[in-house]
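Presented below is the structure to which this report refers.
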Amino acid sequence: MRVTHKKSSKITSILLQHIKDNVKSYLLVAIILLIGIVLGVLFVNNLQEEQAQEVQSYVDHFVSSLQNGTGLDTGKLLKNSIKNNLVLAIAMWFAGSTVIGIPIVLGIVWYRGFCLGYTISALIATLGVGRGSLFFVVAMLLQNLILIPCMLALAVSGIRLYKSIVKDKRKENVKGKIVRHTMFSAMMLFFLMIASFLETYLSSNLFMLCIQFF
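The opening residue of the sequence shown carries number 3 in this note's numbering; numbering runs sequentially from there.
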């Protein structure tokens, strides 16, 4: 138990120090994420009537199918969630490991923010504020509480590596910095896998318990 406690304390201290050393970069990527969310919301609010009806029809069909007894395939859900989070981590690690990849990293953050804003806005527009908010809270909130900080941390790690390479281009130092970036990315991937299991076995069960309210 003491060993586990020491490991968790060490990880916590590493993460806190990482945030402290990169406050400006975190503010930058958080703003980009927020811009993406806002644009996603505005996009849904400005959909043409035909497009809005398609979104509403999709959400209504999904909810009604679950209410009529069609359960969620947890095996498929877990597989897709792990795949998506793995692709996210690898893409951000790879792009963050190259000097020219930072715009791609920031683009991924923006896109995920856009998708989040789009999803929330579409749910509220289709189900109403109460039911739409409940849908998001029970089905999506828990995993996003882990996924979003991990994504921001991956982006900041890439930015930090870029700044370090620009300041110090000595080959031996660059290799060490890439190794540290890789180890930090692996730590974030571990948390993303936890998010996948939460989504599959906790959020999905909460959603099925609350499906009657939709």
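We put the beta carbon where it would ideally sit given N, CA and C, even for glycine. All values reported here derive from a predicted model rather than from experimental measurement.
Judged by pairs of C-beta atoms under 8 Å, the segment 197-213 touches the segment 134-145, as three or more such pairs exist. A straight line joining the alpha-carbon of residue 60 with that of residue 204 spans about 24 Å. For residue 142, there is no enclosing alpha helix (DSSP H), since its DSSP letter is neither H nor E.
One thing to note: residue 197 has its Cβ no nearer than 8 Å to the Cβ of residue 154.
Per DSSP, residue 99 lies in no alpha helix (DSSP H) segment and is marked neither H nor E.
Annotated as proximal: residue 125 and residue 137, with beta-carbon spacing under 8 Å. Straight through space, the alpha carbons of residue 55 and residue 42 are spaced by roughly 17 Å. The DSSP-derived three-state label of residue 74 is coil. With contact defined as three or more Cβ pairs closer than 8 Å, the segment 82-95 and the segment 14-22 are not in contact. If only uninterrupted alpha helix (DSSP H) runs of at least 4 residues are considered, those enclosed by the segment 24-66 are 25-47. A distance of 8 Å or more separates the beta carbons of residue 166 and residue 187. Straight across, the Cα-Cα distance linking residue 175 with residue 168 is about 11 Å. Membership of residue 206 in the alpha helix (DSSP H) is indicated by the continuous run 206-212. With a beta-carbon spacing of about 17 Å, residue 27 and residue 114 fall beyond the 8 Å limit used to define contacts.
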